[in-house]
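First up is the structure itself, then whatever we jot down about it.
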Amino acid sequence: MEIVSLYLTISYKQTELIQLTFSGAVNENPNEKAAPASPSLSTIETVTEKPTVELLPEAASQAKEPLPELPYSLRTRKRAIAISWSLLLLDACFLPVGLFYILKFGAKLDDTRNLGITNSVFGFFSLFQFLFRLWRLLLKSPRYRPVGTTSRFALDFYQIQFFFGFIVISVIISIGTAVDPPLLRLLAMPPTALLIQCGPQLVISCYAVRKGWRAPFRMSSTEKGEKVTVALLTIIEDIVAVEGGGGLEYRAALKKRYEVSEKFREMLWVLSLIWGVAAVLTAGVTCAVVFTIQKDAAYGFGWTFPFLWAAGMAVWTIKFVQKRLKEEEESWEGTTAAATNE
Numbered sequence: 024m025e026i027v028s029l030y031l032t033i034s035y036k037q038t039e040l041i042q043l044t045f046s047g048a049v050n051e052n053p054n055e056k057a058a059p060a061s062p063s064l065s066t067i068e069t070v071t072e073k074p075t076v077e078l079l080p081e082a083a084s085q086a087k088e089p090l091p092e093l094p095y096s097l098r099t100r101k102r103a104i105a106i107s108w109s110l111l112l113l114d115a116c117f118l119p120v121g122l123f124y125i126l127k128f129g130a131k132l133d134d135t136r137n138l139g140i141t142n143s144v145f146g147f148f149s150l151f152q153f154l155f156r157l158w159r160l161l162l163k164s165p166r167y168r169p170v171g172t173t174s175r176f177a178l179d180f181y182q183i184q185f186f187f188g189f190i191v192i193s194v195i196i197s198i199g200t201a202v203d204p205p206l207l208r209l210l211a212m213p214p215t216a217l218l219i220q221c222g223p224q225l226v227i228s229c230y231a232v233r234k235g236w237r238a239p240f241r242m243s244s245t246e247k248g249e250k251v252t253v254a255l256l257t258i259i260e261d262i263v264a265v266e267g268g269g270g271l272e273y274r275a276a277l278k279k280r281y282e283v284s285e286k287f288r289e290m291l292w293v294l295s296l297i298w299g300v301a302a303v304l305t306a307g308v309t310c311a312v313v314f315t316i317q318k319d320a321a322y323g324f325g326w327t328f329p330f331l332w333a334a335g336m337a338v339w340t341i342k343f344v345q346k347r348l349k350e351e352e353e354s355w356e357g358t359t360a361a362a363t364n365e
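In our numbering, each residue's number is its place in the sequence shown (first place is 1) plus 23.
Put into structure tokens, the structure is as follows:
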């Protein structure tokens with residue numbers, strides 16, 4: 024349970040914060056025109072048939088069209104998001120850390136019995152979240168699956184990443200609890216292991232985009248042979264489409280927005296690079312501190328510091344995205360006006 028809880032909290036909730044800015048900042052003015060209807064199945068098929076590498080040069084010719092909207096808003100979901108955040112953070116961060124110290128210094132339990140109790144009372148909510156996500160992807164209807172997939176068992180890239188993370192953290196937990204007393208410093212490392220898993224992928228994806236690499240296999244709605252996109256785009260697509268309920272329509276709309284808007288692509292590239300580098304640096308700092316300070320303090324530091332880092336990054340990301348989306352809209356309108364005058 025601890026493994027599932029940790030993975031979903033770091034991966035899912037950090038990216039949900041970023042997506043909040045994409046959905047909420049596009050139409051800040053409540054009097055503005057509502058987003059257009061979601062793409063039809065024919066639109067989805069068109070996106071699938073034209074790889075990214077073919078559509079990017081056509082962005083200028085599409086300047087007369089309105090900036091493609093993302094058919095998803097979190098304004099009506101604020102209460103649900105707050106409840107979900109509270110439950111997940113309680114379940115995967117505050118409860119395990121708080122209970123560990125209460126049982127250690129209050130009940131005076133040794134680490135073996137302490138962790139046996141702590142690891143058994145949390146993680147159920149996160150496990151439900153993961154199984155619910157998997158169930159949606161395996162539905163007979165392709166509503167939540169990536170654009171262009173035909174198999175009912177075509178999981179998105181986020182789901183596959185979870186399994187790799189699950190294996191890595193399972194090894195850490197197994198080794199840490201196999202001895203008596205448990206290896207507290209090692210057991211403080213699961214959040215850091217996930218930063219090490221995700222950070223380099225974000226950075227490498229930025230390099231791959233600049234070099235024009237093609238996808239060696241399907242990555243959610245990016246088909247094999249298409250030019251790769253930044254990893255952050257895939258994360259946002261998968262989270263909002265499945266957990267957020269945006270579905271296939273959102274995947275198609277996000278893909279189109281990425282293809283036609285240079286400002287949008289550049290914003291995601293910068294975000295991927297900064298989050299990736301920051302994740303690697305944070306992992307290095309966490310490792311250095313955990314294996315230096317007293318072991319009881321190291322356990323709490325290893326479990327809480329990545330969450331504090333993510334919160335700070337999220338605050339910066341919200342402001343950054345709001346500014347960049349405004350610049351994107353102004354640039355698009357200026358291009359449209361110039362094209363109209365011609």
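For glycine and all other residues, C-beta sits at the position ideal for the given N, C-alpha and C.
Which listed residue (the options) has its alpha carbon closest to that of residue i
i	options	result
residue 283	237, 352, 195 and 156	352
residue 233	268, 184, 197 and 293	293
residue 14	183, 313 and 160	Residue 14 falls outside the range modelled here, since the chain spans only 24 to 365, and no answer is possible.
residue 200	137, 162 and 182	137
residue 311	328, 299 and 300	328
residue 301	271, 223 and 268	223
residue 17	319, 180, 290 and 196	Residue 17 lies beyond the residue range present for the chain, which begins at 24 and ends at 365; the question has no answer from this structure.
residue 191	175, 213, 177 and 202	213
residue 135	231, 287, 196 and 88	196
residue 334	102, 126 and 108	108
residue 203	133, 183 and 182	133
residue 193	105, 89, 142 and 339	142
residue 247	105, 288, 180 and 218	180
residue 164	257, 235, 114 and 271	271
residue 326	89, 129, 124 and 339	124
residue 303	340, 162, 218 and 354	218
residue 288	339, 344 and 338	344
Residues that residue i bridges to, as DSSP identifies them
i	result
residue 242	245
residue 250	237
Anticipated Cβ contact below 8 angstroms, residue i with residue j, distance rounded
i	j	result
residue 220	residue 188	6 angstroms
residue 211	residue 321	5 angstroms
residue 251	residue 245	7 angstroms
residue 298	residue 225	6 angstroms
residue 157	residue 182	7 angstroms
residue 281	residue 255	Wrong, their Cβ atoms sit about 11 angstroms apart, outside the cutoff.
Under 8 angstroms between C-beta atoms of residue i and residue j
i	j	result
residue 228	residue 295	yes
residue 110	residue 148	yes
residue 93	residue 230	no
residue 131	residue 207	no
residue 286	residue 91	no
residue 330	residue 313	no
residue 438	residue 277	The structure shown does not extend to residue 438, since the chain is modelled only from 24 to 365, so the question has no answer here.
residue 154	residue 140	no
residue 113	residue 144	no
Is there contact here, the stretch 92-108 with the stretch 117-137, by at least three beta-carbon pairs under 8 angstroms?
-> Judged by Cβ distances under 8 angstroms, the stretch 92-108 makes no contact with the stretch 117-137, as fewer than three pairs qualify.
Inter-stretch contact at 8 angstroms, needing at least 3 Cβ pairs: the stretch 168-187 / the stretch 259-270 = Three or more Cβ pairs closer than 8 angstroms define a contact, and the stretch 168-187 meets that threshold against the stretch 259-270.
Check whether the stretch 304-322 touches the stretch 233-247, counting contact only when three or more Cβ pairs, one atom from each stretch, lie closer than 8 angstroms.
-> The stretch 304-322 makes no contact with the stretch 233-247: fewer than 3 CB pairs, one atom from each, lie closer than 8 angstroms.
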